[in-house]
Amino acid sequence: VEEKVFNNTEEAEEVVIKENQWSYHYTNTTAAGKKKFFRCNKVKARGKQCDAGIYLLFDSTNDKIFLFRATSDHTHDSTQEKPSRIPNEVKTVIQELYELKLKPKAIIEVLHERRITPPNISQLNNFLRTIKNTKLGPTSISLGEIEQWCLESSQSIPESIDTPFVASYQIIYDDDNENDDVDDDDVNENKFRFFITTKRLLQIASRSKRIHADATYKLLWQGFPVLIVGTTDLDRHFHAFGMSVCSNETTHDFRFLFRGLQEGIQKLNLEEINPEFLIADGADAIRNAFRDVFGEKPMIMCWAHMRRKVMKKIESMVNKSEQEDLINDIESLQLAQNERIFLKASNLFVKKWVKRQPSFIEYFQNEWLTTHNEWYEGVGHFTPSTNNGLEAT
111 VEEKVFNNTE EAEEVVIKEN QWSYHYTNTT AAGKKKFFRC NKVKARGKQC
161 DAGIYLLFDS TNDKIFLFRA TSDHTHDSTQ EKPSRIPNEV KTVIQELYEL
211 KLKPKAIIEV LHERRITPPN ISQLNNFLRT IKNTKLGPTS ISLGEIEQWC
261 LESSQSIPES IDTPFVASYQ IIYDDDNEND DVDDDDVNEN KFRFFITTKR
311 LLQIASRSKR IHADATYKLL WQGFPVLIVG TTDLDRHFHA FGMSVCSNET
361 THDFRFLFRG LQEGIQKLNL EEINPEFLIA DGADAIRNAF RDVFGEKPMI
411 MCWAHMRRKV MKKIESMVNK SEQEDLINDI ESLQLAQNER IFLKASNLFV
461 KKWVKRQPSF IEYFQNEWLT THNEWYEGVG HFTPSTNNGL EAT
């Protein structure tokens, strides 16, 4: 609720400081103006937060600053209770899912489907980090060493068109703010991001109209997955533009990947890349980052990825006697050559199956006919329908 109005920043921040119970949390920019949020400082920044909070609104229409206070009371006493550990049987399931290359959000989704209470995302990430360290050994390079290497590798562009160099990098320590660029998936800890490429790869990129992007766990560096961006030719062979190693896989990291590609092209004074399509899986981090950097463009849902997810649902939700017929119908839908045909065929598909398999059709409509409905051939002619070329890299 609105509590006070100030004429300048100094007055507003002085009131916050005098209350002696708030620490800066993050900043968000809205149509109403910039909002600067403060959290209760009686709890750690990386743990569960107290329900109480305040924020300053810097009005976009004038110089006024408004103090808003949450209606919730302080709950820091209860949030400081020691979090429960992940049960051993749940750890076993998580390890199995990790071996299948599932990402944290997908692991939580599978646990829900199996009616297993999942750990919170922080616990899960810590446990996955433990698994990585057990399999690959602890990281043997410090953040400072990464920063020094990036600095040296980005100072000049090599003469050879095939010698790699760092086109862009970010080193962020846990007490740094990311220029008010808020991402709910981004955790408050040390982070690094660097993008490596060559002159030849950037020359290919500047002429390309189709972009593939994903994280690959077939190639790891210090236990971290490598983010790949590239294109495919008419023979559907994949050609990388470069690769990025990041400490996470959030929207921030994929946004950095795309911007790093742009920066590399600009450094060579090449034609600005203007992709017509993104081919990726359904990960919001990739799609949101692509939209932020390149604007609203068609995004082709990887058919292979979509089919795997749908097959799992069919096996768990549909009578065995009807599974083959249902799969054949979905594969026929995928062959639709334009949006008009796809919409008509989708309506006929729903009419055929809605009474026979209502639960599956509800899932299919929500996930694949409304949210991620760009998986049919007609979305992009002469464009690969899968991300298999990248994933095989």
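Heads up, the sequence shown is in our numbering, so the first residue is 111 and it goes up one at a time.
We put the CB at the ideal spot given by N, CA and C, even for glycine.
- Proximity of the stretch 429-443 to the stretch 461-481 meets the contact definition, three or more beta-carbon pairs being nearer than 8 Å.
- The beta carbons of VAL403 and PHE351 sit about 13 Å from each other, so the pair does not count as a contact at 8 Å.
- The C-alpha of LEU479 lies about 19 Å from the C-alpha of GLN433.
- The secondary-structure analysis by DSSP pairs THR326 across a beta bridge with VAL336.
- In this structure, ALA323 sits near VAL339, with a CB-CB distance shorter than 8 Å.
- In the DSSP assignment, VAL460 falls within the unbroken alpha helix (DSSP H) covering 449-463.
- Residue burial annotation: ILE383 is buried, with at least 16 other C-beta atoms found within 10 angstroms of its C-beta.
- By the Cβ neighbour-count rule, ASP345 is exposed, with fewer than 16 other Cβ atoms within 10 Å of its own.
- Looking at THR493, GLN233, LYS146, GLU123, the one whose alpha-carbon comes closest to that of ASP343 is THR493.
- Under the three-state reduction of DSSP, ASP169 is assigned to strand.
- Distance from the CA atom of TRP132 to the CA atom of SER469, rounded to whole angstroms, is 47 Å.
- In its chain, beyond the 5 residues on either side, ASN117, ASN118 have a beta carbon closer than 8 Å to the beta carbon of ASP173.
- Residue environment analysis places PRO197 among the exposed positions, since fewer than 16 neighbouring C-beta atoms fall within 10 angstroms of its C-beta.
- For MET427, the closest C-alpha among the options ALA414, PHE474, ALA455 is that of PHE474.
- Under the criterion of beta carbons closer than 8 Å, GLY488 and ALA455 do not qualify as touching, at roughly 11 Å.
- For the 8 Å CB-CB criterion, ILE314 and HIS362 do not form a contact.
- In this structure, ILE175 keeps its C-beta atom at 8 Å or more from the C-beta atom of GLN205.
- When beta bridges are read from the DSSP output, GLU112 appears opposite PHE178.
- For TRP413, the enclosing alpha helix (DSSP H) starts and ends at 413-427.
- In the DSSP assignment, GLN433 falls within the unbroken alpha helix (DSSP H) covering 430-444.
- Taking a C-beta distance under 8 Å as the contact criterion, PHE334 and GLN280 do not qualify as a contact pair.
- For TRP259, there is no enclosing beta strand (DSSP E); the enclosing alpha helix (DSSP H) has its first and last residue at 253-264.
- Counting only residues of its own chain and dropping the five nearest sequence neighbours on each side, ASP391 has a CB closer than 6 Å to the CB of CYS412, HIS415.
- CA-to-CA, the gap between TRP485 and ALA122 works out to about 51 Å.
- According to the DSSP assignment, ILE383 belongs to no alpha helix (DSSP H), since it is labelled neither H nor E.
- Here the C-alpha atom of ALA141 lies approximately 35 Å from the C-alpha atom of GLU472.
- Beta bridge pairing from DSSP links ILE375 with no other residue.
- By the beta-carbon neighbour count (other beta carbons within 10 angstroms, threshold 16), GLY370 is buried.
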